[in-house]
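Worksheet for the structure shown next.
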Amino acid sequence: MNCNGFKNPGLEVYRRVFRNLPHDVPLIVAVAGESIDEYATLVEGLSPFGDLVEVNISSPNTRLVYELSSKPDQVRRLLKAVRAATEKPLIVKLSPDFDANNYTAIVPAALENGITIINYGNTRRVTAPELSQGSGGLSGPALYANTLANVRRLRKEFGETIEIIATGGIDSAEKAVQLLESGAAAVSYFTAFITVGPTLPRRICEAIVKRLAATGGRSVADLRRT
Ligand SMILES: Cc1cc2nc3c(=O)[nH]c(=O)nc-3n(C[C@H](O)[C@H](O)[C@H](O)COP(=O)(O)O)c2cc1C
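Written out as structure tokens, the structure reads:
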């Protein structure tokens, strides 16, 4: 569980940092704000430095961010505003606490605005007296079954109109491959960086190569289609 908010040195500092950040793999910049204008300002200010931009509407530790998922009309306006703020590919990061709104309103609103990459998703909100704020976000293995269920459901309901980044509880190469074969285009993780360590991406890549060798070189994405 964590209750980290978004304390940070601000947009201009990040602009300086990103300007001098060499990268030879695609860089995703991620933003969250407390108003539609703030999201748009951040996307406009940071998108020149990233290859993709992720719009986080799901962190449970910042009230106005978390509440967005219960206000689909506001999310629709927000997505329209961020779409107008950059030409870079956008990702919307969803909360697994709001499945109903996500499927009926928020993913459709993303698609309406030409946003086709869905990151499902963030931590789940929990109340816990031991946290300094009395509540926070739950991450780690407890999320995995739900992550897998959502990848399958998203693929079933939205077909090939979206690309899915699966996040939540990935702590082994087997889980990553299972998600890729179930419909995810990419996987991401946070907690296992601490519990497993920085070698996990390498192990995931090795597992994908092994899987491809076993299937005669067809892509992992092809496997889910068969
Ligand atoms: C300490 C901590 C800080 C996080 N900060 C952010 C954040 O700033 N923005 C965000 O979108 N997600 C944030 N997350 C959520 C993770 O990116 C991820 O969606 C979530 O932890 C589920 O994945 P996991 O089980 O692999 O950790 C944070 C998670 C943790 C544990």
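Quick note: the sequence shown uses the numbering used here, first residue 9, plus one each step.
Cβ coordinates follow ideal geometry from the N, Cα and C atoms, glycine included.
Since we're looking at a predicted model, the values are computed, not measured.
Query                                                                                                                                                                                           : Result
Beta strand (DSSP E) containing residue 175: first to last residue?                                                                                                                             : 171 to 175
Kindly identify the DSSP beta-bridge partner or partners of residue 62.                                                                                                                         : 38, 99
For the stretch 98 to 162, which segments carrying the beta strand (DSSP E) assignment without a break, of at least 3 residues, lie completely within its bounds, in sequence order?            : 98 to 102, 125 to 128, 132 to 135, 143 to 146
Buried or exposed: residue 62, going by 16 or more other Cβ atoms within 10 Å of its Cβ?                                                                                                        : buried
Tell me which same chain residues have a C-beta within less than 8 angstroms of the C-beta of residue 27, skipping the five on either side of it?                                               : 57
Compare the C-beta of residue 110 against all C-beta atoms of chain B and say whether one is closer than 8 angstroms.                                                                           : Of the protein chains in this structure there is only one, and it is not chain B.
Quick one: what's got a C-beta closer than 7 angstroms to residue 12's C-beta in the same chain, skipping five residues either side?                                                            : 69
Pick from 166, 177, 193, 217: whose alpha carbon is nearest that of residue 117?                                                                                                                : 166
Quick check on the burial criterion: 16 or more other C-beta atoms within 10 angstroms. Buried or exposed for residue 76?                                                                       : buried
Rounded to a whole number of angstroms, what is the C-alpha to C-alpha distance between residue 84 and residue 224?                                                                             : 43 angstroms
Kindly list the residues whose CB is nearer than 8 angstroms to the CB of residue 88, restricted to its own chain and excluding five residues on each side of it in sequence; keep chain order. : 121
Please say whether residue 64 and residue 73 have beta carbons closer to each other than 8 angstroms?                                                                                           : yes
Looking only at its own chain, which residues have a Cβ that is under 7 angstroms from the Cβ of residue 211, when we skip the five neighbours before and after it?                             : 181
Can you tell me whether residue 187 is buried or exposed? The criterion is at least 16 other CB atoms within 10 Å of its CB, across all chains shown.                                           : buried
Three-state secondary structure (DSSP) at residue 192?                                                                                                                                          : coil
For residue 128, which residues in the same chain have their Cβ closer than 6 angstroms to its Cβ, ignoring the five residues on either side in sequence?                                       : 102, 158
Could you check if residue 135 is buried or exposed, using at least 16 other CB atoms within 10 Å of its CB as the buried criterion?                                                            : exposed
Please look up how many angstroms separate the CB atoms of residue 36 and residue 60, rounded, as I've assumed it's under 8 angstroms.                                                          : 5 angstroms
Do you know whose CA, among 193, 31, 171, lies nearest residue 216's CA?                                                                                                                        : 193
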